[in-house]
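Everything on this sheet refers to the single structure shown next.
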Amino acid sequence: MSEILVKNISAARNSRTFLDGSKRSVVFLESIVVGRGEYLPGWRWSKHAGPQTRKDSEAHIGLVISGKMRIQTADGKRVTVSPGDIFEVDPGHDAWVVGKTTCLALDFEHREVT
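The sequence shown begins at 1 in this note's numbering and counts up by one.
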């Protein structure tokens, strides 16, 4: 039997507002978790999200819709991602908004199917 699972990210039940007012909504599908973040200028994972979630950053794939973000790996490598850029990053990274424009991004995390 095949199924089609549809969820709307705008109506996500799992949403979080970070310490600086930035927001992230998440939907859970069978094999993937999809997040939509609206990160305000000045937002930084290690300052505004990590302390609130009490977690290290996780591995994920991202797609920047608007704005810019800089990502730094655990070993110090940095890259700036811009609209249209798709990236994949390992756990333990930091990320922050670059400039004075809100960064809108989607992120995708693998979900173990049980």
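All residues carry an ideal CB built from backbone N, CA and C; glycine is no exception.
query, result
"Cα-Cα separation, glycine 42 to threonine 101", "9 Å"
"Candidates Glu112, Glu30 and Val64, of which the one nearest phenylalanine 87 by Cα", "Val64"
"Isoleucine 32 - containing beta strand (DSSP E), residue span", "32-39"
"For alanine 178, the nearest candidate out of Ser46, Ile32, Ser25 and Gly21 (CA to CA)", "Missing from the structure shown is residue 178; the chain here goes from 1 to 114 and no further."
"N- and C-terminal bounds of the beta strand (DSSP E) containing serine 82", "Where serine 82 is concerned, there is no enclosing beta strand (DSSP E), given that its DSSP letter is neither H nor E."
"Nonlocal neighbours in the same chain, by C-beta distance under 6 Å from tyrosine 39, ignoring five residues either side", "Ser22, Val97 and Cys103"
"Given proline 91 as reference, the closest of Arg16, Val81 and Trp45 once Cα atoms are compared", "Trp45"
"Beta-carbon contacts of leucine 29 that lie in its chain and below 6 Å, excluding the five residues immediately before and after", "Leu5"
"Anticipated Cβ contact below 8 Å, lysine 68 with glycine 99, distance rounded", "6 Å"
"Same chain, Cβ closer than 7 Å to histidine 60, neighbours up to 5 away in sequence not counted", "Val89, Asp107, Phe108 and Glu109"
"Reduced DSSP category for tryptophan 45 - H, G, I as helix; E, B as strand; rest coil", "helix"
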